[in-house]
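What follows is a set of notes on a single structure, which appears directly below.
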Amino acid sequence: MLNRTDLRGQVPTAAELRATLPRAEYDVDAALHHVRPVVEAVRDRGVEAVLEYTERFDGVRPASVRVPRASLTQALEQLDPAVRAALEESITRARKVHAEQRRTDVTTTVVDGGTVTEKWVPVERVGLYAPGGLAVYPSTVVMNVVPAQIAGVGSLVVCSPPQAAFGGLPHPTILAAAALLGVDEVWAAGGAQAVALLAYGGTDTDGAELAPVDIVTGPGNIYLTAAKRLLRGVIGIDAEAGPTEIAILADETADPVHVAADLVSQAEHDPLAASVLVTTSAELADAVDKDLACRVAATKHSERVAEALGGKQSGVILVSTVDDGLRVVDAYAAEHLEIQTADAREVAARVRNAGAIFVGAYAPVSLGDYCAGSNHVLPTGGFARHSSGLSVQSFLKGIHVVDYSEDALREIAGRVVALANAEDLPAHGEAVAARFGGSVR
């Protein structure tokens, strides 16, 4: 079922690997011309434009953008107890992990009388996006809200598309998750129009202010991603998230049933989802294909899964050794990377590029999606070569505070003047010399 690329006996360069490895076609630039008019309309006409596009794209026109608090309370009261218990456990574990990420201020004494302090300040207001397209993601509410709260962000708004089936409100499990987390501001808006409203703010249909935010985080479709690219600078963003990815590095010790199940679990997200197996064992690849033949037909979203697994973004990469496999997965830089080999911990310790690493037979990606305690908002499209997943740090700004005494400045003044003159910026030096009668040594 899966396309195969045989790299056994070869040592491709990093550039060759990037060109060879399967990857979804995901052209954000091509979506910009669709998104720009939406963003400009929301900038110019605010909520009225948001509601017009919402009616066009989502088939429903909410009475207002902000969800009434009573609706949040009702959604939580009516939540399936088993789902509530699972969300509560997910929140507990995420808080435990993310609490360890909080930065502390550090002061360095450079010289007597001269210090530099790096202080960490939370962003004032953030917009957290929870998708609502092919699936509904209350878990993404948890993954966005928890690190923002632990960072100390003072003002949070969760944004999620309105659903015609629920009277123009976001899905009730989204509302319930927000309520569980103590978030009382939720907007019924999706896609590019949601990002634009978060960036520019507006006035709701009842006259209430919808305040703009400083950062927008959370995954979405290509149009939401294009809007984030277009508005970057007006707002900060976490990343330009593309279709979800799983890569599995496996040898002959891996269980093909586990491998096949994990490939299918990511493929059910989206027809563009990428499921990639990198293995030293052709026999394992054959067994995985055999299991997939039955598993795909039996799964609920079989058509979507089959399209994803059969797409150019998915496949099997055969390699000669685990070391070669590591080179391949580092070049691929998967959002989710599973290591299912002998000595999986040792192999995982050598990985450089991945959004998150899942070690051994009993750490499937699904665990990380919900209840590992890790964050599942992760870099895609190879961005894990240079970027990290969402964390407490995503919502903090490091600010250097420079505190020098007169003597400490006098001691270094001549060096500052020398560098200023070397850069032909004499007024920089004069700003220092002016503090000492116009001359320094």
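Residue numbers (this note's numbering): 2 to 442.
Quick reminder that beta carbons are idealized off the backbone N, C-alpha and C, glycines included.
{"Asked": "What's the call for residue 445, buried or exposed, on a 16-neighbour Cβ count within 10 Å?", "Found": "Given a span of 2 to 442 for the chain in the structure shown, any question on residue 445 remains unanswerable."}
{"Asked": "Residue 439: which of 426, 424 and 414 sits nearest, CA to CA?", "Found": "414"}
{"Asked": "Considering only residues of the same chain and omitting the five flanking positions on each side of residue 168, which have a CB-CB separation below 7 Å?", "Found": "none"}
{"Asked": "Determine whether the beta carbon atoms of residue 124 and residue 215 lie at a separation below 7 Å.", "Found": "yes"}
{"Asked": "So, is residue 267 buried or exposed, given that buried needs 16 or more other C-beta atoms within 10 angstroms?", "Found": "buried"}
{"Asked": "Report the three-state DSSP secondary structure of residue 370 (helix, strand or coil).", "Found": "helix"}
{"Asked": "Which of helix, strand or coil does DSSP assign to residue 130?", "Found": "strand"}
{"Asked": "For residue 11, which of helix, strand or coil comes out of DSSP?", "Found": "coil"}
{"Asked": "Beta-carbon within less than 6 Å of residue 274's beta-carbon, same chain only, minus the 5 sequence neighbours each way: which residues are those?", "Found": "244, 245, 267, 268 and 309"}
{"Asked": "Nearest CA to the CA of residue 120: which residue from 239, 8, 107 and 188?", "Found": "107"}
{"Asked": "I need the straight-line Cα distance from residue 286 to residue 255, nearest angstrom please.", "Found": "10 Å"}
{"Asked": "Within a Cβ cutoff of 6 Å, which residues of the same chain sit near residue 77, ignoring the five residues on either side of it in sequence?", "Found": "177 and 180"}
{"Asked": "Going by C-alpha to C-alpha distance, which of 282, 60, 226 and 160 sits closest to residue 37?", "Found": "226"}
{"Asked": "In angstroms, rounded to a whole number, what distance separates the CA positions of residue 23 and residue 166?", "Found": "37 Å"}
{"Asked": "Mind checking which residues open and close the alpha helix (DSSP H) that includes residue 192?", "Found": "192-201"}
{"Asked": "Inspect the beta-carbon positions of residue 144 and residue 401 and report whether they are closer than 7 Å.", "Found": "no"}
{"Asked": "Would you be able to state if there are at least three C-beta pairs under 8 Å between the region 331-344 and the region 361-380?", "Found": "yes"}
{"Asked": "Decide if residue 295 is buried, meaning its Cβ has at least 16 other Cβ atoms within 10 Å, or exposed.", "Found": "exposed"}
{"Asked": "Using only alpha-carbon positions, find the residue among 60, 312 and 384 that is nearest to residue 26.", "Found": "312"}
{"Asked": "Measuring CB atoms only, is the region 199-212 touching the region 52-66, in the sense that at least three cross pairs come out at less than 8 Å?", "Found": "yes"}
{"Asked": "By how many angstroms is the C-alpha of residue 85 removed from the C-alpha of residue 101?", "Found": "25 Å"}
{"Asked": "For residue 372, which residues in the same chain have their Cβ closer than 8 Å to its Cβ, ignoring the five residues on either side in sequence?", "Found": "87, 90, 91 and 94"}
{"Asked": "Please identify the residue among 279, 151 and 73 whose C-alpha is closest to the C-alpha of residue 9.", "Found": "279"}
{"Asked": "If you compare alpha carbons, which of 42, 129, 380 and 103 is closest to residue 153?", "Found": "103"}
{"Asked": "Please work out which residues of its chain come closer than 8 Å, Cβ to Cβ, to residue 416, disregarding the five sequence neighbours upstream and downstream, and give them in chain order.", "Found": "none"}
{"Asked": "Roughly how many angstroms separate the alpha carbons of residue 217 and residue 150, rounded to a whole number?", "Found": "14 Å"}
{"Asked": "Alpha carbon to alpha carbon, what distance is there between residue 423 and residue 359?", "Found": "52 Å"}
{"Asked": "Assign residue 61 to one of three DSSP states: helix, strand, or coil.", "Found": "coil"}
{"Asked": "Quick check: the Cα distance between residue 117 and residue 404, rounded to an integer number of angstroms?", "Found": "6 Å"}
{"Asked": "Taking C-alpha atoms, which residue in 148, 46, 160 and 183 lies nearest to residue 138?", "Found": "160"}
{"Asked": "Please report the Cβ distance between residue 260 and residue 249, rounded to the nearest whole angstrom; I am assuming they are in contact, meaning their Cβ atoms lie under 8 Å.", "Found": "6 Å"}
{"Asked": "Taking the alpha carbon of residue 293 as the reference point, which residue from 257, 323, 362 and 281 has its own alpha carbon closest?", "Found": "257"}
{"Asked": "Express the C-alpha separation of residue 349 and residue 389 in angstroms, rounding to a whole number.", "Found": "17 Å"}
{"Asked": "Output the distance between the C-alpha atoms of residue 441 and residue 184, rounded to the nearest integer angstrom.", "Found": "57 Å"}
{"Asked": "By Cβ distance, which residues of its chain are closer than 7 Å to residue 331, with the 5 residues on each side in sequence left out?", "Found": "352, 353 and 354"}
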